Amino acid sequence: MFQTQASIANMRDRALASYVDQLARDGWCIMPDALPAERITRLDDDLAEGFGKVPYCHGPFYGETTKRLGRLPLRSVHSEALICHERILEIVHQFLGPWCDHVQLNTTQAIAIDPGAPAQAPHRDQDMFHGPKGEMEYLLNVIWPLTPFHPDNGATRLWPGSHGRAAIEGGALHEEQAVAPRLAPGSALLFLGSTLHGAGANRSGAVRRAAVIGYSLGWLKPYENPWLAYPPLVARHFSPELAKLAGYIQHRPNLGNFEGQCPSKLLTGGPELMTSPRDALLPEQAEMVEAYFRAQRVPG
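Structure (structure tokens):
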């Protein structure tokens with residue numbers, strides 16, 4: 033029996049709702065078969081040269097037996113399918129949308145963990161931002177396995193229920209409370225910025241690789257500087273959606289502007305010289321300004 037468009041949309045909405053519910057309840061969820069495994073394999077193939085050239089990291093947090101590659105859109109055309117994944121972006125907007133006009137890329141990074149690597153210290157990615165915690169989410173991360181994840185090869189450990197208010201109110205969390213889900217390439221692991229997590233120890237004989245796509249509130253300073261990573265001459269070849277996520281959009285009120293204009297102008301040749309700056313205000317700010325001028329017009 034053929035499914036109608038409406039029934040397919042209904043199933044899709046129910047699936048999205050279940051992911052949102054699990055993220056809200058546990059702080060993480062898995063989206064199985066989010067992309068064809070073949071596409072992930074092509075991405076992994078494109079990254080092989082970079083992993084072969086990049087040196088190991090320094091420091092116990094990054095990992096002395098770990099390699100990291102940034103700027104994934106410049107390393108593989110296949111990365112855009114991960115970054116601009118429609119269903120994932122819908123989920124991202126559910127959690128971050130109430131706090132910003134636009135979400136942005138916080139990072140695009142590929143990670144390779146060698147055999148013998150120790151477990152990473154448990155941490156919350158929101159702690160890179162020095163704002164109040166427990167009141168809102170600052171970011172949402174997505175881990176895409178490039179090789180299968182399992183507990184013996186460094187699969188990411190997560191502490192269910194460690195997110196949100198629990199990040200500041202909860203008691204001590206112990207290693208035995210963590211889960212390290214098995215994942216196949218094509219699946220996506222989503223977790224909130226307030227969720228305690230960390231890479232596991234790689235006790236296998238093979239390298240464990242993954243791509244991490246992070247999204248954050250559009251008014252934050254992101255982990256990866258987008259305008260250095262993707263200058264205008266590069267970003268003008270991006271799709272409109274990718275360019276916006278990479279920072280080429282103005283965020284109200286007047287944040288991230290270039291000469292008082294939306295930086296997307298730079299992707300079409302740049303603004304004309306001496307073009308007038310334009311207000312880009314939040315509704316309450318526009319009302320405040322209007323109320324001020326109304327009051328000035330009232331006779332004393």
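Each number in the working numbering corresponds to the 1-based position in the sequence shown with 32 added. For each residue, glycine too, the CB sits at the ideal point set by N, CA and C. Keep in mind that this is a model prediction, so the values were computed, not measured.
Taking a contact to mean a Cβ-Cβ separation below 8 Å, would you say residue i touches residue j in this structure?
{"i": "L137", "j": "L277", "result": "yes"}
{"i": "L313", "j": "P295", "result": "no"}
{"i": "L114", "j": "I175", "result": "no"}
{"i": "R240", "j": "N234", "result": "yes"}
{"i": "A275", "j": "L252", "result": "no"}
{"i": "L215", "j": "S194", "result": "no"}
{"i": "S226", "j": "Q293", "result": "no"}
{"i": "G102", "j": "A318", "result": "no"}
{"i": "A238", "j": "P147", "result": "yes"}
{"i": "P217", "j": "T179", "result": "yes"}
{"i": "A142", "j": "L205", "result": "no"}
{"i": "L106", "j": "V321", "result": "no"}
Please list, in chain order, all residues of the same chain as residue i whose beta carbon is under 7 Å from its beta carbon, the five residues on each side excluded.
{"i": "A212", "result": "P183, A187, T188, R189, G232"}
{"i": "Y88", "result": "E96, T97, T98, K99"}
{"i": "L48", "result": "R119, E122, I123"}
{"i": "F83", "result": "K99, L101, A144"}
Kindly list the residues whose CB is nearer than 6 Å to the CB of residue i, restricted to its own chain and excluding five residues on each side of it in sequence; keep chain order.
{"i": "Q152", "result": "G230, A231"}
{"i": "E256", "result": "G102, T139"}
{"i": "R268", "result": "L299"}
Helix, strand or coil for residue i, going by three-state DSSP, please let me know.
{"i": "M168", "result": "coil"}
{"i": "L55", "result": "helix"}
{"i": "T139", "result": "strand"}
{"i": "F270", "result": "coil"}
{"i": "R235", "result": "coil"}
{"i": "H155", "result": "strand"}
{"i": "L252", "result": "coil"}
{"i": "V244", "result": "strand"}
{"i": "S226", "result": "coil"}
{"i": "Y220", "result": "The sequence given here places Ala at residue 220; Tyr does not occur at that position. If DSSP states are grouped into helix, strand and coil, A220 belongs with the strands."}
{"i": "H182", "result": "coil"}
{"i": "R284", "result": "coil"}
{"i": "A144", "result": "strand"}
{"i": "L101", "result": "strand"}
{"i": "P92", "result": "coil"}
{"i": "F348", "result": "Since the first residue of the chain shown is 33 and the last is 332, residue 348 is not available in this structure."}
{"i": "R310", "result": "coil"}
{"i": "V86", "result": "coil"}
{"i": "M33", "result": "For M33, the predicted model reports a pLDDT of 41, less than 50, meaning its position is unreliable; a value from the coordinates is still stated below. It is coil, neither helix nor strand."}
{"i": "P263", "result": "coil"}
Does at least one heavy atom of the ligand FAD sit under 7 Å from the Cβ of residue i?
{"i": "P315", "result": "No copy of the ligand FAD occurs in the structure displayed, which carries no ligand at all."}
So is residue i buried or exposed if we call it buried at 16+ other beta carbons inside 10 Å?
{"i": "I72", "result": "buried"}
{"i": "H134", "result": "buried"}
{"i": "H283", "result": "buried"}
{"i": "V244", "result": "buried"}
{"i": "E169", "result": "buried"}
{"i": "T219", "result": "The identity of residue 219 in the sequence shown is Ser, whereas the question assumes Thr. Per the 10 Å Cβ criterion, buried."}
{"i": "R326", "result": "exposed"}
{"i": "T210", "result": "Per the sequence presented here, residue 210 reads as Ala, with Thr not at that position. That one is buried."}
{"i": "Y94", "result": "exposed"}
{"i": "H117", "result": "buried"}
{"i": "P177", "result": "buried"}
{"i": "G301", "result": "exposed"}
{"i": "P68", "result": "exposed"}
{"i": "G196", "result": "buried"}
Using alpha carbons as the reference points, say which of the options lies closest to residue i.
{"i": "E207", "options": "P192, R197, A198", "result": "P192"}
{"i": "A335", "options": "R46, D76, I62", "result": "This structure cannot settle anything about residue 335, because the visible part of the chain is limited to 33 through 332."}
{"i": "M160", "options": "D146, P177, P180, T139", "result": "T139"}
{"i": "N173", "options": "G166, A199, A210, L249", "result": "L249"}
{"i": "G166", "options": "H155, A198, Q141", "result": "A198"}
{"i": "W131", "options": "Q209, L171, P68", "result": "L171"}
{"i": "W259", "options": "A69, G246, T179, F290", "result": "F290"}
{"i": "S271", "options": "V86, H90, D58, E112", "result": "E112"}
{"i": "I200", "options": "R156, S236, P177, K85", "result": "R156"}
{"i": "P92", "options": "R268, Y247, P154", "result": "P154"}
{"i": "H125", "options": "D311, F181, Y51", "result": "Y51"}
{"i": "P263", "options": "P254, Y280, Y247, E273", "result": "Y280"}
{"i": "D58", "options": "F223, G163, P164", "result": "F223"}
Using a Cβ-Cβ cutoff of less than 8 Å, which residues in the same chain neighbour residue i once the five nearest sequence positions on both sides are dropped?
{"i": "R74", "result": "S108, H110"}
{"i": "T36", "result": "Confidence is the limiting factor: at T36 the pLDDT is only 49, short of 50, which leaves the residue's position unreliable and the question unanswerable from this model."}
{"i": "R310", "result": "G292, Q293"}
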